[in-house]
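Enquirer: Following the UniProt record's numbering, the numbering of the sequence shown begins with 1 at its first residue and continues without gaps.
Below you will find the structure I want to go over with you.
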Amino acid sequence: MSFLNSIGRKFNPDGKRKGSKAPPLPNMPGSSGSFGSGSGNGTPSSSSSSVVNRPVTQGVARPLFICKPYVNSHLLKGNFKTIVVLPKHVDQGEWIALNTFEFYEYIKLFYTTTLEFCVHCKTMSAGPGTDYYWLGTDRQPRPLPAATYIEYVLTWINNRLTDETVFPTRPPNSINTGGQTQIIGAPHAAQGGQTWVGKEAGFPPTFFPSCQAIFKQMFRVFAHIYHTHFVNIVHLSMEAHLNSFFAHFIMFSRVSSLASLSYSLC
């Protein structure tokens, strides 16, 4: 059973390690925001990291996160869809960009709370039968300690979010002249031909695929936290916070077409 399926049945969408040196980073995301391919251009493909499915031992205990009362623990009650739908008069690209930044900042905080436990995780796993492997420059999947894998992911996402060619912070084709922004040339919206999410707001064609790749990697961090560190989350009395955050993340992902049920298998 995939991680998302097991969670989805319970969450109603409506209602550097100290003292050790990390292994050489395979195709470490550089300041250009490259990932997997070693190129600073384009969007990381879904094969930039891989999932290895192992045989599942029979009789594995039911995950704590789908057991009561924890599965019903939330900070909010009601329909999460009301807080993720695109507001009127807001560009879809701007809305996705805003939420991508916020989800990234919050997932960093949640991961930080489990870091002291995660440094002992030898693999980036998401429960029995599922390991996430990192593809090196030779395009071969290799296992990494979970803390190392997640650090690589967070570094790559940060580089992507600060890449002006993917997440521009100025109007399209503009220059700054003494504190005033002057539009030069024709913006994306005025260019004929294709259309894409965020075009009207000046986002490039690679914007939406980049967001999809970012959300996939953030999902894997969630999967590891739930399957490996949920008991730690409970001891910290943060299960309601995590459940609400995850439900918000999944609902936004689905409504914005950023996620699919195949996440745990791709």
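For each residue, glycine too, the CB sits at the ideal point set by N, CA and C.
All values derive from a computational prediction rather than experimental measurement.
1. Can you grab the Cα-Cα spacing for the pair F219 / E102, in whole Å?
2. Whose CA, out of F203, T114, P168 and G93, lies closest to the CA of M238?
3. Please indicate yes or no: does the CB of S237 lie closer than 8 Å to some heavy atom of the ligand SAM?
4. When DSSP builds the beta bridges, which residues end up paired with T100?
5. Keeping to the same chain, check which residues put their C-beta closer than 6 Å to that of Q212; ignore five residues upstream and five downstream.
6. Measuring alpha carbon to alpha carbon, tell me which of N243, N232, K216 and G78 ends up nearest F117.
7. Measuring alpha carbon to alpha carbon, tell me which of H241, A61, H248 and P128 ends up nearest Y111.
8. Assess contact between the segment 196 to 211 and the segment 132 to 146, defined as three or more Cβ pairs (one per stretch) separated by less than 8 Å. Is contact present?
9. Would you list the one or two residues that DSSP bridges to P141?
10. Measure the Cβ-Cβ separation of T123 and I214 and say whether it is below 9 Å.
11. Exposed or buried, which one is N41 when buried takes at least 16 other CB atoms within 10 Å?
12. Could you name the residues of the same chain whose beta carbon sits closer than 6 Å to that of V90, not counting the 5 residues immediately before and after it, in chain order?
13. In three-state terms, what does DSSP make of S125?
14. Go through its chain and collect everything with a Cβ distance to L154's Cβ below 7 Å, but skip five positions before and after it.
15. Measure the alpha-carbon distance for P145 versus H120 and round it to whole angstroms.
16. When the distance is taken between beta carbons, is F222 closer than 9 Å to F252?
17. Compare the C-alpha of W196 against each of P87, I96 and L76 and name the closest.
18. Once DSSP output is grouped into helix, strand and coil, what is the label at G93?
19. On a CA-only basis, which of T169, E164 and D131 is nearest Y149? Give me that one, please.
20. Output needed for L76: all residues of its chain with C-beta closer than 6 Å, excluding positions within five of it in sequence on either side, in chain order.
Expert: In terms of the structure at hand:
1. Position 219 of the sequence shown, counting from 1, holds the residue named residue 219. Position 102 of the sequence shown, counting from 1, holds the residue named residue 102. Rounded to whole angstroms, the gap between the alpha carbons of F219 and E102 is 14 Å.
2. As a position in the sequence shown, residue 238 is number 238, starting the count at 1. Answer by Cα proximity: T114.
3. Absent from the structure shown: the ligand SAM. Ligands present: none.
4. Here the question's residue 100 lines up with position 100 in the sequence shown. In the DSSP assignment, T100 is bridged to no other residue.
5. If you number the sequence shown from 1, residue 212 lands on position 212. Excluding residues within five positions, the ones whose Cβ falls inside 6 Å are L258.
6. Stepping through the sequence shown from its first residue, residue 117 is reached at position 117. Taking only the C-alpha atoms, the option nearest F117 is N232.
7. Position 111 of the sequence shown holds residue 111. Y111 has its Cα closest to that of H241, out of H241, A61, H248 and P128.
8. The segment 196 to 211 makes no contact with the segment 132 to 146; the number of CB pairs closer than 8 Å stays below 3.
9. Position 141 of the sequence shown, counted from the start, is the residue given in the question as residue 141. Answer by DSSP bridge pairing, in chain order: L135.
10. The residue you call residue 123 lines up with position 123 of the sequence shown. The residue you call residue 214 lines up with position 214 of the sequence shown. Cβ atoms of T123 and I214: not closer than 9 Å.
11. Your numbering for residue 41 matches position 41 in the sequence shown. For N41, the predicted structure reports a pLDDT of 36, less than 50, and the residue's modelled location is therefore unreliable. A value from the coordinates is still provided. Looking at its Cβ environment, which holds fewer than 16 other Cβ atoms inside 10 Å, N41 is exposed.
12. In the sequence shown, the residue the question calls residue 90 occupies position 90. Cβ within range, chain order: n/a, list empty.
13. The sequence position of residue 125 within the sequence shown is 125, counting from 1. It is a strand residue.
14. The residue you call residue 154 lines up with position 154 of the sequence shown. A distance below 7 Å between beta-carbons, with the five flanking residues on each side excluded, links L154 to the following residues of its chain, in chain order: K108.
15. Locating residue 145 in the sequence shown gives position 145, counting from the first residue. Locating residue 120 in the sequence shown gives position 120, counting from the first residue. Taken atom to atom, the span from the alpha-carbon of P145 to that of H120 is near 8 Å.
16. For this step, residue 252 is matched to residue 252 along the sequence shown. For this step, residue 222 is matched to residue 222 along the sequence shown. It is not a contact, given that the beta carbons lie outside the stated cut-off.
17. On the sequence shown, position 196 is the one that residue 196 refers to. Ranking P87, I96 and L76 by Cα distance to W196 puts I96 first.
18. Against the sequence shown, residue 93 aligns to sequence position 93. G93: helix per DSSP, three-state reduction.
19. In the sequence shown, the residue the question calls residue 149 occupies position 149. When each option's Cα is compared against that of Y149, the closest is D131.
20. Position 76 of the sequence shown holds residue 76. Taken in chain order, the residues that qualify are S244.
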